Amino acid sequence: MAAVQVRGRRIGSHIILSVWSILVLIPLWIMVINSFKSKLAIYRSPFGLPDQWTLDGYLSVFSRSSFPRYFFNSIAITTISIAGIIILASLAAYAIARWKSRVSTAVFLFFLAGMMIPIRIGSINLLMILRNLGLLDQLIGLLPIYIAMGMPIGVFVLTEFMRTVPPELTQSAYIDGAGDFRIFWQIVLPLTRPAMATVAIFNLVVLWNDLWFPLIFIRSESQRTLMLGVTRLFGQYQTDWTLILSTLTVATVPIVLLYVLMAKQFIAGLTAGAVKG
Amino acid sequence: MTARSFRLPRIPVWIWYMLPGLLVYTAFMAVPLFKSLQLSLYTGSGFQIDTFVGFDNYRRLLTEGEVSQRFWGAFGHTWVFFAVHMIVQNSLGLLFALLLSSEAIKGRALYRTIIFIPATLAIVVTGFLWKLLLNPQWGAVNLMLEAVGLGAFAQPWLGIEGVSLVVISLVSSWQWVGIPTMIFLSALQAISGDLFEAADIDGASSWTTFSRIKLPLIWPMMGVVAILTFTNNFNAFDVVFAMAGANGPPNYSSDILGTYFYRVGIAGEHPVGIPDMGLGAAVASIIFVVLFVGVLVMRTVFQSDGTDD
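Okay, structure coming up:
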């Protein structure tokens, strides 16, 4: 009797989870599969495999528009920002973890406050700051903002992690005469790699997908990021479904592919801010 | 007095480690935030916001004609947007977490991976994709309804006042449900198996196990999820922008604070097209205050009611 009940419940669970999985996968399937069809075929049979595969959408994404440029811009600003976040946040985190004082606690809390407050609220003043710095409509203008945005989560995750580094490790290095910076560079940083991955992944998804700041700061074609480009293309070619779907696919695939390859780290990274905060 | 007897206080070396990060964070996050609050008390044209007007921007938002009509509309819609996420997204998240925490379910890793995929998509991409799927001419959603004999329910989903906002909120819930799922799941997996064994021996029903063991133990995580949902949604913009546009059509019925802020402070409200930055800063400040108060309230609720004793 009980066994039957348990089995029944298990089947129920599978039904619920499968239905949701289908709801997740169908839109993505439609996006990818229709990007290989002609416009007419999309209308005729939106769900099946294409009778005739076509790369027209992809070819025009990469030739007709400045898409390669947007792509490059996004890769550049995302990687440089992440590098900046990791360098600055790990330096700060090291100091906070090692220096027991009221100042370091205050600095830590100051950084943490940023996790609750969306930086967008400061957009009006950021516009003025960038304008005064002559960085409006420049891709590079996003860099300091992205670094500032990434600091709270970076400092939080890295500090928590560095606190778990056993003090014996650093103490013996001290006795051997290593300076603070050498201990940081040669002992602590290599140990912190998993936490850095968490920070990098979190910011990768947030920054790669960011639309807000490019939208309000950037106008020029040559400075646009991928997401801003997607927005503009969508407005321009509303009815060219093949092109639109190819664009969306291209914008999505890099991150989703990375995610599928490293699902565990991604889930850890993207929920990191929440779980302990 | 010689230089010798006059000793500067030694600055701990740690300051230098913190300084670069602190500088960038302060200059590009803390200061802009504070300055934007301050700007809400000023008015002017373009980037020249230097006439002090006290709380006049707030008065306009809260009471003056069309400005306040739009503001209160957006304010109310933001709560609806938030409520749909709280109810749909977080209940589904809890349900999925409960199902996935049972070790008897095969393929857990696969389900988990799939549920989380949308959270890695750009919000704009999700928005555009669903906009296509919901399109009344081609939209896959209506075609599917027809295919299963529910063609009568086919709608121009994003064109109906009142419906469009809910549909957009549901799409956004579809995207983010993986986050509460994973948070609840990790909380459930942290519960010691002994507790369930003991409950089993005592003959507790699965409802009793849920309400007496799981729920109290994951209650603090509910607080985390609620706060996260709240801050993310009061700050939302992209999904409405992608699916409906900056004006929150039809007839401003899907306008939320994020899109209103964008129109007023950055793009310029139709038909004038010139941003009113002081007014925009006032909208931002109100978002900030609501967030601040909301988070404080939720923290106390979820901290105090967490335990029975």
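Here the protein sequences line up with chains A and B, keeping their order. Sequential numbering of the first sequence, starting at 72, is according to the working numbering. Sequential numbering of the second sequence, starting at 4, is according to the working numbering. Positions of the beta carbon are idealized from the N, C-alpha and C atoms, including for glycine. Since this is a predicted model, take the numbers as computed values, not measurements.
Consider the Cβ of A/Met267: report whether some Cβ of chain B lies at a distance smaller than 7 Å. Locating residue 267 of chain A in the first sequence gives position 196, where the first residue counts as 1. It does not; no Cβ of chain B falls within 7 Å.
Would a C-beta distance cut-off of 7 Å place A/Ile192 and B/Ala287 closer than the cut-off? Locating residue 192 of chain A in the first sequence gives position 121, where the first residue counts as 1. Locating residue 287 of chain B in the second sequence gives position 284, where the first residue counts as 1. Contact flag set, yes.
Spatial distance of A/Gln123 from A/Phe107 (CA atoms): Position 52 of the first sequence, counted from the first residue, corresponds to residue 123 of chain A. Position 36 of the first sequence, counted from the first residue, corresponds to residue 107 of chain A. Distance between the alpha carbons of A/Gln123 and A/Phe107: 8 Å.
Rounded to whole angstroms, what's the CA-CA distance from B/Ala30 to B/Thr262? Just pull it up for me. For the purposes of this step, residue 30 of chain B is identified with residue 27 of the second sequence, where counting begins at 1. For the purposes of this step, residue 262 of chain B is identified with residue 259 of the second sequence, where counting begins at 1. B/Ala30 and B/Thr262: Cα-Cα distance of roughly 26 Å.
Under the three-state DSSP convention, the category B/Val300 falls into: Taking the second sequence and counting its residues from 1, one reaches residue 300 of chain B at position 297. B/Val300: helix per DSSP, three-state reduction.
Which runs of the alpha helix (DSSP H) spanning at least 4 residues fall entirely within the region 150-236 of chain B, listed in chain order? Within the region 150-236 of chain B, the complete alpha helix (DSSP H) segments at least 4 residues long are 166-179, 181-192, 196-204 and 218-236, listed from N- to C-terminus.
Return the residues of the region 251-266 of chain A that lie within a Cβ-Cβ distance of less than 7 Å from chain C, sorted by chain order. Although the question refers to chain C, the structure presented lacks it and instead comprises the protein chains A and B.
Check whether the region 217-224 of chain A touches the region 30-40 of chain B, taking contact to mean three or more Cβ pairs, one atom from each stretch, closer than 8 Å. By the Cβ rule, the region 217-224 of chain A counts as touching the region 30-40 of chain B, because three or more pairs are nearer than 8 Å.
Just verifying my parser: in three-state terms, what is the DSSP assignment at A/Asp251? Translated into the one-based positions of the first sequence, residue 251 of chain A becomes position 180. Reduced to three states, the DSSP call for A/Asp251 is helix.
For A/Trp312 and B/Ile117, I'd like the C-alpha separation in whole angstroms. Within the first sequence, numbered from 1, the residue matching residue 312 of chain A stands at position 241. Within the second sequence, numbered from 1, the residue matching residue 117 of chain B stands at position 114. Those two C-alpha atoms are separated by around 26 Å.
Test: A/Phe232 CB closer than 7 Å to a CB of chain B: Taking the first residue of the first sequence as 1, we reach residue 232 of chain A at position 161. No, no contact with chain B.
Short check: CB of A/Leu201 to CB of A/Leu210, under 7 Å? As a position in the first sequence, residue 201 of chain A is number 130, starting the count at 1. As a position in the first sequence, residue 210 of chain A is number 139, starting the count at 1. Contact: no.
Mind reading off the beta-carbon distance from A/Ser270 to A/Leu341? Whole number of angstroms is fine, and I expect it under 8 Å. Locating residue 270 of chain A in the first sequence gives position 199, where the first residue counts as 1. Locating residue 341 of chain A in the first sequence gives position 270, where the first residue counts as 1. Looking at the sequence shown, residue 270 of chain A is not Ser but Val. A/Val270 to A/Leu341, Cβ: 11 Å. No contact.
Which chain B residues are close to A/Ser84, counting only those with a beta carbon under 8 Å from its beta carbon? For this step, residue 84 of chain A is matched to residue 13 along the first sequence. Near A/Ser84 (Cβ distances below 8 Å), the residues of chain B are Leu102, Ser105 and Ile108.
Spell out a yes or no on whether the region 227-235 of chain B and the region 173-189 of chain B are touching, meaning 3 or more CB-CB pairs, one atom from each, closer than 8 Å. The region 227-235 of chain B, when compared against the region 173-189 of chain B, does touch it at the 8 Å Cβ threshold.
Simplified DSSP assignment, three categories, for B/Ile52: The residue you call residue 52 of chain B lines up with position 49 of the second sequence. Secondary structure at B/Ile52: strand, using DSSP grouped into helix, strand and coil.
Let's see if you can read the secondary structure: which residues bound the alpha helix (DSSP H) around A/Arg191? Counted from its first residue, the first sequence places residue 191 of chain A at position 120. It is not in any alpha helix (DSSP H) - A/Arg191 carries neither H nor E in the DSSP assignment.
Where B/Gly110 and B/Gly154 are concerned, what is the direct C-alpha to C-alpha distance, given to the nearest angstrom? As a first step, residue 110 of chain B is located in the second sequence; it is residue number 107 there, counting from the start. As a first step, residue 154 of chain B is located in the second sequence; it is residue number 151 there, counting from the start. Distance between the alpha carbons of B/Gly110 and B/Gly154 is about 34 Å.
The alpha helix (DSSP H) that contains A/Leu286, what's its start and end? One-based indexing of the first sequence puts residue 286 of chain A at position 215. Boundaries of the alpha helix (DSSP H) around A/Leu286: Trp283 to Phe288.
So is A/Lys347 buried or exposed if we call it buried at 16+ other beta carbons inside 10 Å? Here residue 347 of chain A refers to the residue found at position 276 of the first sequence. Confidence is the limiting factor: at A/Lys347 the pLDDT is only 44, short of 50, which leaves the residue's position unreliable, though a coordinate-based value still follows. That one is exposed.
Just how far apart, CA to CA, sit B/Phe78 and B/Ser257? As a position in the second sequence, residue 78 of chain B is number 75, starting the count at 1. As a position in the second sequence, residue 257 of chain B is number 254, starting the count at 1. Taking the straight line joining both Cα atoms gives about 11 Å.
Let me confirm a value: A/Leu240 is counted as buried when at least 16 other C-beta atoms fall within 10 Å, else exposed. Which label applies? As a working note, residue 240 of chain A is residue 169 in the first sequence. A/Leu240 comes out exposed.
A/Gln242 lies in the alpha helix (DSSP H); which residues open and close that run? If you number the first sequence from 1, residue 242 of chain A lands on position 171. Start and end: Pro238 to Ile246.
Does any residue of chain A have a CB that is nearer than 7 Å to the CB of B/Ala77? Counting from one through the second sequence, the residue named residue 77 of chain B turns up at place 74. By this cut-off, B/Ala77 is not an interface position.
Under 7 Å Cβ-Cβ, which residues of chain A neighbour B/Thr123? Counting from 1 along the second sequence, the entry for residue 123 of chain B is found at position 120. Neighbours of B/Thr123 on chain A, chain order: Val276, Ile326, Val327, Tyr330 and Phe337.
At a Cβ threshold of 7 Å, is B/Asp279 touching chain A? Sequence index remark: in the second sequence, residue 279 of chain B carries index 276 (1-based). By the rule that beta-carbons nearer than 7 Å mark a contact, B/Asp279 does not touch chain A.
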